[in-house]
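Residues in the sequence shown are numbered consecutively from 21, following the working numbering. We treat Cβ as the ideally placed atom computed from N, Cα and C, and that holds for glycine. Since the structure is predicted, the reported quantities are computational estimates derived from the model, not experimental observations.
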Amino acid sequence: MKRVLIQAGSHPFDTPTLESTLVRNSIRGNVGNLMYTNAAYKHLSVPGRAEIQVDTKHFIDLTPEDADRINDACDVFVIPMANAFKRKFVPHLHILADVIGKLKVPVVVLGVGAQASLANDTAQLAPVDDAVKRFIGAVLDRSASIGVRGEFTQRYLGELGFADVDVIGCPSVYLRGPGFRMGHAAGGALPDRPRIALSTALRLANSGLAARINEAILRRHPDLTYFAQEGRDLQTLYWGDTSIAAGQQQPMPSLTSHPLIRSADVCVPLEPHSWIDALAGYDFAVGTRIHGNIAALVAGTPAFVFAHDSRTLELSRYHHIPHRALTDLRPDTDVAELYAQTDYTAFDEHYDEGFRRLLDFMTKNGLENAYEHGDGGEAYDKRIAATEFTPPFRRSEAEGKDDLLFRMTLLREQNKETAARAARAEKKAAAQADRIKKLETKLTTVQSSAAAKQRALEKRLAALEAQAKKKPSGKARRLVKRLTSQ
């Protein structure tokens, strides 16, 4: 039986509570990341033929010391990824390349992508080129090809000299397995009081425009639900802040003073299954979050993506998810108009082809899949159906929650961890400063030695020149010529 180790923030059958999520930070930066890791688990589940394990140590936390543990734990290491080719990930890509370089087992990367602007300009990625080359080189030494999100990332890697690149999109789109269809064509109309699900990134290039669009949608649909996705969103809802009293405002909903948090129904999913179940009850989902929209369509709810960068654009294009560039939307965008334009015909027509491409990629890289070698994901789906997951955490719950002791304990532990991180950072900075000081001392010594040698050489040269003037022998002339040419 092949031992498959999947890197993921949590196990798909985990049932996180609010408290455990706050303590463990299981959703990491974004609960959307668990969408594609859960999908990878399902697609690779082959009862009796594969033993699937989950390594919950995030890839950005891996160190070269983890290589031996990974080698001992599995026969193949699977790393589902997202927009990892970006400037802030450069240090992590270098470390991950070091880890992979020590692995003796195959390494398969699913759905990695590059992050640039809507212009799809690969020149913007120049600062990450070296790190990406090291990472991709290490992976391709241990696999037949690398799976990427879309054609933009494929083009970027091609420009770096890598040809063994397969476009597979995001595995989460295929969570429902083969034959899934949305069956939604253009021309429809929303009901009089539609249930609207909104998602929005907190950091994006055109935040001013996005903020005005969100305000317009909220104004027309004050009872919409804002599905926040980040760990810091959960912290904001749980702890609150002083932004209202201080009169602070931000264009995006990062403070409790923001209208989407003050006026709308706002929640944060703790894991993907209850998120998908919740979205099944909505009429329409819109926003800049790619996995917020994928979660909706997997639930059977039509979704429309506001593509705000290369990663959201290339995934929407590849999977034929209805979308429009954020910069092409009006500030007073009406979701009723978008709903009438939302057409999943192309999505349905290309679904099986894209799914086939994902399965072929797995086969090429020595991975069996649940659909050709197993039960079609039936055991996985039954276990999910039998598991009771915690519903998304809502703002109203935070306001009425009587858990002062837990809050104080958690705050104390977080302060302790923050202090520990600061101490580690200070120690690391001190070590780096010490190394720099030693290098500076060494450089000073080298420079002093070089200066002394230069002075000695000049003194010798002057003596020879003086000697040559007194007695210009052939030997002296040759010495002078040799020294002056140095």
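Cβ of residue i within 9 Å of any chain D Cβ
i, result
"L275", "Here chain D cannot be found, since the structure has a single protein chain."
Integer Cβ distance of residue i from residue j, believed to fall under 8 Å
i, j, result
"A356", "L229", "About 20 Å; that fails the 8 Å criterion."
"V51", "E291", "7 Å"
"V127", "F97", "5 Å"
"H328", "L346", "4 Å"
"V286", "I310", "At roughly 20 Å, the Cβ-Cβ gap does not stay under 8 Å, so V286 and I310 are not in contact."
"F413", "Y359", "With a Cβ gap of about 28 Å, F413 and Y359 do not count as contacting."
"D363", "A206", "4 Å"
"L430", "V43", "7 Å"
"S165", "K458", "Not a contact, Cβ separation roughly 44 Å."
"T76", "E334", "With a Cβ gap of about 28 Å, T76 and E334 do not count as contacting."
Neighbourhood of residue i by C-beta, 7 Å cutoff - its chain only, sequence neighbours within 5 removed
i, result
"G197", "Y391, G396 and G397"
"D261", "L275 and T276"
"T407", "F33 and T35"
"L379", "N389, Y391 and E392"
"T57", "I26, A28, G29 and P100"
"T37", "T410"
"G49", "E250 and G251"
Which listed residue (the options) has its alpha carbon closest to that of residue i
i, options, result
"D4", "L333, A217, L224 and R201", "Residue 4 is absent from the model: the chain starts at 21 and stops at 506."
"F409", "H31, T35, R23 and I26", "T35"
"G29", "M21, L82 and S65", "L82"
"I341", "D354, Y371 and T347", "Y371"
"E250", "Q269, R282, R240 and P289", "P289"
"L280", "Y338, A236 and G189", "A236"
"G199", "D380, E373 and A405", "E373"
"E39", "A453, A418, L113 and D454", "A418"
"D184", "P191, S163 and C190", "S163"
"P67", "A117, D186 and Y400", "Y400"
"Y246", "D150, S219, G167 and Q269", "S219"
"L160", "T142, A139, D141 and F182", "F182"
"R350", "A366, A231 and I456", "A231"
"R548", "D212, Y258, L254 and Q255", "Because the chain is modelled from 21 through 506, residue 548 falls outside the range shown and cannot be assessed."
"C94", "V24, K122 and A265", "V24"
"P84", "L123, T438 and V466", "L123"
"M22", "L116, D92 and E478", "The amino acid occupying residue 22 in the given sequence is Lys; Met does not appear at that position. Ranking the options by Cα distance to K22, first place goes to D92."
"C190", "I99, S263 and Q434", "I99"
"T332", "L138, G267, S283 and L459", "L138"
"V125", "E460, V306, H278 and G386", "G386"
"A87", "T76, Y56, G121 and K462", "G121"
"L116", "A449, A143 and A158", "A158"
"W259", "M428, V466 and A476", "M428"
"A284", "S469, A248 and Q434", "A248"
"T41", "Q255, L113, L145 and N140", "Q255"
Beta bridge counterpart(s) of residue i as assigned by DSSP
i, result
"H343", "V325"
"F97", "L25 and V127"
"Y246", "L218 and V286"
"F413", "V288"
"A305", "A217 and A323"
"F109", "Paired residues: none, contrary to the question."
"N45", "In DSSP, N45 forms no bridge with anything."
"D372", "According to DSSP, which records beta bridges pairwise, D372 is partnered with nothing at all."
"I264", "Paired residues: none, contrary to the question."
"V187", "V168"
"Q73", "L25"
"A134", "F105"
Cβ-Cβ distance between residue i and residue j below 9 Å
i, j, result
"I80", "V119", "no"
"P273", "N226", "no"
"T353", "L224", "no"
"A59", "L177", "no"
"I26", "L64", "yes"
"I296", "A323", "no"
"L130", "I72", "no"
"F381", "G208", "no"
"Y302", "R215", "yes"
"R169", "V132", "yes"
"D186", "L222", "no"
"I47", "S192", "no"
"A102", "S330", "no"
"Y61", "E171", "no"
"H293", "I404", "yes"
Chain-order list of residues whose beta-carbon lies under 6 Å from that of residue i (same chain, five-residue window excluded)
i, result
"F105", "A134, V148 and V152"
"S336", "V325, A327 and H343"
"A366", "H340"
Residues near residue i in its chain [Cβ-Cβ closer than 8 Å; skip 5 each side]
i, result
"D368", "R201, M202 and G203"
"R107", "P147 and V148"
"L180", "D149, V152, K153 and I156"
"Q269", "S263, L275, S277 and H278"
"R69", "M21, K22, E388, H393 and G394"
"N45", "G251"
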